[in-house]
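With my numbering, the residue at position 105 of the sequence shown is 760, and numbering never jumps.
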Amino acid sequence: MRAAAHLRLACLGALVWVAFWVGGLPDYYQQYSFAAMLAFSIALVPVIALIAWATIRRTTLSRRRELGFWLSFYFTVPLMLFDYIYCGLYLAHGWHFFAEYWYLTAFYIIPWLVLVPIAHVLSRQRLT
656 MRAAAHLRLA CLGALVWVAF WVGGLPDYYQ QYSFAAMLAF SIALVPVIAL IAWATIRRTT
716 LSRRRELGFW LSFYFTVPLM LFDYIYCGLY LAHGWHFFAE YWYLTAFYII PWLVLVPIAH
776 VLSRQRLT
């Protein structure tokens, strides 16, 4: 990928983090019950998969695996860093934020388990 594409993905990832941060105010989703957050998290996975499918299939076959990797990276690693800065440092939870905000932690893993396999499947399909 070109540098501009990396920058675009990094900015999009940051924008998504800001949107979820604002959506989680005032307590970054801590105001909701465990059951509500579990239901929301489960409901979000198919949405992510559909968006990933639509995004990855638009690129050439030879670039689909690479795009799946980079999408997974830019929607997990920087977001985890932002969450650590906000929850770990600013809210003073330290590394315990991984357990306290379990629903965030799940989404540091889920994109890798969803986007990379989708990219693999799509990279093998001629007609999408």
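We put the beta carbon where it would ideally sit given N, CA and C, even for glycine.
Just so it is clear, the structure is predicted and the values come from calculations on it, not from any experiment.
When DSSP states are grouped into helix, strand and coil, H775 belongs to the helix group. For secondary structure counted as the alpha helix (DSSP H) over 4 or more consecutive residues, the segment 662 to 747 holds these complete runs in sequence order: 689 to 711, 719 to 729 and 732 to 738.
DSSP places Y758 within a helical segment (H, G or I) once states are collapsed to three. If you draw a straight line from the Cα of E755 to the Cα of R720, it is about 33 Å long. In this structure the segment 768 to 778 touches the segment 713 to 728; the number of beta carbon pairs closer than 8 Å is three or more. Taking the Cα of Y739 as reference, the smallest distance to any Cα among Y729, I773, L726 and F753 is reached at F753.
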